[in-house]
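Numbering (our numbering) for the sequence shown: 59 to 242.
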Amino acid sequence: MIAGIIIGVIVVVVLIFFITGYNGFVRLRNNVEEAFSTMDVYMKKRYDLIPNLVETVKGYAKHEKETLAAVMSARNAIKSAGTDEERLQAENHLTQTLGHLFAVAEAYPDLKANQNFLNLQNQLTSIEDDIANSRKYYNGCVKQYNTKREMFPSNIIAGLFHFEKKPLYEIDETERQNVNVSFE
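This is the structure:
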């Protein structure tokens, strides 16, 4: 009789462990997906703003076709990205090419003074700040999820129910390099 009660209590405790562990993973996975979605909304706003910015720059910098083409190519690469990781890499590349676009704009005083360009640049700067904040939030959610996924004993539940590791948002190696500033 006592052995049956002890076995019953052990089964209930193990069952509660699995239920709460599974539900915890579901909550964390949903937080990661929500964080990615938030980041995606800001990236979509940037994505939609880029053609206007490129068209404005085109009028002033006709011979900067390579830079403009690179920005549009980076923008289009986002559309063709299949996985979240590919999408994050494409977004990194777009951020880098936008930096080149603003460097080109610096060479054209009339463009820098154009009200439309300034408005677009301010909007893009604001969106970039929002993207940076949403990336921090996303990485925080991923860190929480991945940590729980790797720690014992929750790693048992993660393995049983196939909770896969989520990618962190990381910058490209080229963005880690120092920026060359020249006052010639």
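The beta carbon of each residue, even a glycine, is placed where N, CA and C say it ideally should be.
If we call anything under 7 Å between Cβ atoms a contact, is Y195 one with F94?
no
If you draw a straight line from the C-alpha of V162 to the C-alpha of M101, how long is it?
22 Å
Touch test, the region 204–216 against the region 61–81, Cβ-Cβ under 8 Å, three pairs minimum:
yes
Between the C-alpha atoms of E164 and Q147, what's the straight-line distance to the nearest angstrom?
27 Å
Whose C-alpha, out of V84, V72, R104, is nearest the C-alpha of L178?
R104
How many Å lie between N134 and G117 at the Cα?
21 Å
State the Cα-Cα distance for the pair N238 and D142, rounded to the nearest angstrom.
No answer about N238 holds up, because its pLDDT of 48 lies below 50 and its placement is not dependable.
Drop a sphere of 10 angstroms on the beta-carbon of K201, count the other beta-carbons inside from all chains shown, and report buried for 16 or more, exposed for fewer.
exposed
Look up K223 in the DSSP assignment and say whether it is helix, strand or coil.
coil
Taking its Cβ as the centre, do 16 or more other Cβ atoms sit within 10 Å of M59, making it buried, or is it exposed?
exposed
Close beta carbons around E149, own chain, < 6 Å, minus the five adjacent residues each side
M101
How long is the line joining the alpha carbons of V99 and I68, rounded to whole angstroms?
46 Å
V84, DSSP secondary structure in three states:
helix
Alpha helix (DSSP H) segment containing F175, residue limits
173–208
Below 7 Å between beta carbons: does that hold for L182 and L107?
yes
Output the distance between the C-alpha atoms of S240 and E144, rounded to the nearest integer angstrom.
Model confidence at S240 stands at a pLDDT of 41, short of 50, so the residue's coordinates are unreliable; what they give is reported in the following sentence. Spanning the two alpha carbons is a distance of roughly 34 Å.
Report the rounded CA-to-CA distance for L218 versus R207, giving the unit in angstroms.
11 Å
Looking at V129 and T155, is the spacing between their C-beta atoms short of 7 Å?
yes
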